[in-house]
Each structure stands twice: as C-alpha cells, then as structure tokens.
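For reference, the structure is listed below as structure tokens.
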Amino acid sequence: METSNRVLDDVLKEFSLPHIEEQIPRDVFYQLGLKFPQQYAIACRDVAECVRRAEALGAGPFLHVTIPAPNWVERGERIKDCKLEVALGYAGDRQVEFLGPGKGTQHYARALVDRDIAFHHVGIYQRGMNELARSIEIAGYPEVVRGGLSFGKALSFDFRYFDSRADYGIYLEVQDFTYLGRELSIEPFLRTYAKLRDTLPL
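Following this note's numbering, the numbering of the sequence shown begins with 2 at its first residue and continues without gaps.
Structure follows, in structure tokens:
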C-alpha cells in the first residue's frame, strides 16, 4: 500500500509493517467512537537502532528517553519500579513510537518472543476516556494496562490499553491529555524538539 505520506510508507516498508488500515478497518474506529489513530507504536529489542533506521529515511528526529512509569497498572495490579524505553517522532503527519522491552512489565516484551520488531498497538489521542473505555470494553476489548499522571485540573495524562489482538493482532491505546480541562496536544512539543535538535552541533 502506498499513500501520499512517502516517509511513513518508507518507514513501514523498512520494518515490514502494515499501514493501520491494512491491520484494522477504518470503520472499526468510527463504530467505537474513536478518532482514526495518529500513532504507530512499534515494539523492538533495540530502540536506538530503530531510531537510526527511521531517521535515515527522513522520519524524526526522535525524542529517545527511558522514563519511570510510577502508576503502571497491569490487569488490575499496580507494578512497582516499572520503567519504559520510548522514542517518539514523526513520519510526515503520523507519529511513530518505538518501545523497548521495558523493565517490570512484559507488556511489550511479549510481542518480541520470536521477533525483534513488532507492530504492538495504535495510539489514539482523544478526550473523554471514561466514556470511550466503556464503549471499547462493551465491544469486547478489555482494558489490560492503564497509567498516567494527574496534577488536579491543571494537567493530566491518562492512557489505557485495550486487548484487541484476537481480532486485529494488536492493541488499541487511548491517550487523554488535558491542560486546564482542555485537550492538550504533545505534537507542538515534539515538533519543536525536532527543530531544536536539528540545529544542535553534532
């Protein structure tokens, strides 16, 4: 499949991954009350190497960090000392996220049992988590992971994974960012970081 987003096409081809609509029909998202996903999330054994390959094709630059996940709840159990290795960047107008196996959770590592790279989930940035979660679970996709942070009404980040693997081979992730009660997009921050990184001396 080829699209007008040639950078994304090249990145997906490089990693032998499908476009979202080849994995999950567009109608599925509309039926669940979801926006079409803005993010391709890829589990991998070597995040730095995947970033290098993607950037060589014109994606990124990527913000590559290892961060604690203090409120990681997996199948109802809070996991202590959970850490995630994440790299975020853009291929054209689509966000690409590379995720390492992590520490304290097998959520990403399970997709890498017999491979080094796997399409793990699609990410959907959308307000209204509680209503969306009910709709997704009623459709037969149970919540398996949740997490996030909250600073009252000033700033909050709520993310949840829903298990749609039986039907589509990957998870659905909904991410609800709010600032002073309004939807907050992280795209400007990532785009600004990319521009700043481009200007830094090597």
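Quick reminder that beta carbons are idealized off the backbone N, C-alpha and C, glycines included.
### Task
Specify the secondary structure class of Tyr142 as computed by DSSP and reduced to three states.
Under the three-state reduction of DSSP output, Tyr142 falls in the coil class, being neither helix nor strand.
### Query
By a C-beta neighbour count over all protein chains shown, 10 Å radius and 16 as the cutoff for buried, is Val87 buried or exposed?
Buried, by the Cβ-count rule.
#### Entry: Runs of beta strand (DSSP E) lying entirely within the stretch 14-56, each at least 3 residues, in chain order
You should have 40-45.
#### Entry: Unbroken beta strand (DSSP E) run spanning Tyr91, endpoints
Secondary structure note for Tyr91: its beta strand (DSSP E) is the uninterrupted segment 84-92.
### Query
Which value, in whole angstroms, describes the spacing of the CA atoms of Gly153 and Arg161?
Using only the alpha carbons, I get a separation of about 19 Å.
#### Entry: Residue interval of the beta strand (DSSP E) (run including Asp159)
Taken as a continuous stretch (DSSP letters only), the beta strand (DSSP E) holding Asp159 covers 156-163.
### Task
Name, in chain order, the residues that DSSP records as bridge partners for Asp177.
Paired residue(s): Asp159.
### Query
What did DSSP end up calling Tyr109 once you bin it into helix, strand or coil?
Three-state result, Tyr109: coil.
### Query
What do you reckon, are the CB atoms on Val8 and Gly103 nearer than 8 Å?
For Val8 and Gly103, no; Cβs fall outside 8 Å.
### Message
Would Leu89 and Gln96 be called neighbours here (beta carbons separated by less than 8 Å)?
### Response
Against a cut-off of 8 Å, the Cβ pair of Gln96 and Leu89 comes out as a contact.
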